[in-house]
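Reading through the C-alpha cells given below for one structure.
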Amino acid sequence: MIEIRAPRPETDIGPLTEATNRPGVRNGTLRLPFTTEDLIRQRLTKPSPDVHQLVACWDGLAVGQGSLMLNRGRRRHAGEVFLFIHDDYWGRGLGRALLSALLDLADNWYGLTRVGLEAATHNTRAIAMYEAHGFQREGLKRADVINNGRLEDSLVMGRIRPAPAYGEDAQ
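In the working numbering, each number is its position in the sequence shown, counted from 1, plus 624.
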C-alpha cells in the first residue's frame with residue numbers, strides 16, 4: 625500500500641539512507657555514493673523554510689523522498705521538484721504518487737505557475753512519468769553531470785500552468 629506523508633526522522637533516516645545508496649537512485653539522480661545517515665538526518669530535521677519534503681512509503685516503510693523547492697524574489701512563482709524511489713520499489717506507482725503530491729502542493733497550496741526539474745537523459749522511465757504529468761522538454765545541459773567517470777547530459781523540463789483563479793473565477 626502506498627502512503628505519501630511528511631518525513632518522520634525517527635523512523636525514516638535509516639531506510640532513506642539505504643535508498644539513496646542504491647545504484648539506480650545514484651545513477652538517476654545527482655546523489656554521490658556513500659550518503660551518510662548524518663546527511664539524511666540533517667536534511668530531514670533542519671530543512672530550509674523554502675523546501676517542502678514528502679516521503680513515499682510502501683506498507684509503512686519509507687522507500688522514497690521528494691522535495692518541492694520554492695524559488696525567491698522575482699522567481700517566487702516557480703519551484704523545482706526532486707524525487708527518488710528505492711530501486712527495489714520501482715514500477716509500483718510510488719514515483720507517480722509522490723510527484724502528484726508535490727504538484728498538488730505547488731498548484732493548490734503555493735499557487736506556483738511554473739515547476740521545473742532536471743532528469744538524467746538515460747532515465748527514460750522517469751522522463752515518461754514527468755511528461756505524463758504535463759512536463760515538457762525545454763533543453764539539454766551538455767556534459768552536465770559526472771557519473772561513474774563519464775560526463776552525461778541532463779534534460780531540463782518544465783510545467784507551466786495559469787495562475788490560480790480568484791474570487792468568482794475560482795468557481
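From the three backbone atoms N, C-alpha and C, an ideal C-beta is built for every residue, glycine too.
- Contact between residue 739 and residue 725 is ruled out by a C-beta separation of about 13 Å, above the 8 Å threshold.
- Beta-carbon to beta-carbon, residue 762 and residue 782 are separated by about 5 Å, close enough to satisfy the 8 Å threshold.
- For the set 691, 670, 735 and 642, the Cα lying nearest the Cα of residue 790 is the one of 735.
- In this structure, residue 787 places its C-beta atom within 9 Å of the C-beta atom of residue 701.
- Within a 10 Å sphere around the beta-carbon of residue 770 sit fewer than 16 other beta-carbons, which makes this residue exposed.
- Spatial neighbours of residue 655 in its own chain (CB-CB distance under 7 Å, excluding positions within 5 residues in sequence) are listed in chain order as 644 and 649.
- The DSSP-derived three-state label of residue 778 is strand.
- Per DSSP, residue 691 lies in no alpha helix (DSSP H); the unbroken beta strand (DSSP E) holding it starts and ends at 685-694.
- Going by C-alpha positions, residue 631 is about 20 Å away from residue 703.
- Beta-bridge pairing by DSSP links residue 742 to 780.
- By the C-beta density criterion, residue 672 is exposed, having fewer than 16 other C-beta atoms within 10 angstroms.
- Just so you know, the alpha carbons of residue 727 and residue 778 end up roughly 21 Å apart.
- Listed as beta-bridge partners of residue 707 by DSSP are 690.
- DSSP, reduced to helix, strand and coil, places residue 674 outside both helices and strands of the structure shown, so it counts as coil.
- Under the DSSP assignment, residue 762 falls in the beta strand (DSSP E) whose first and last residues are 760-771.
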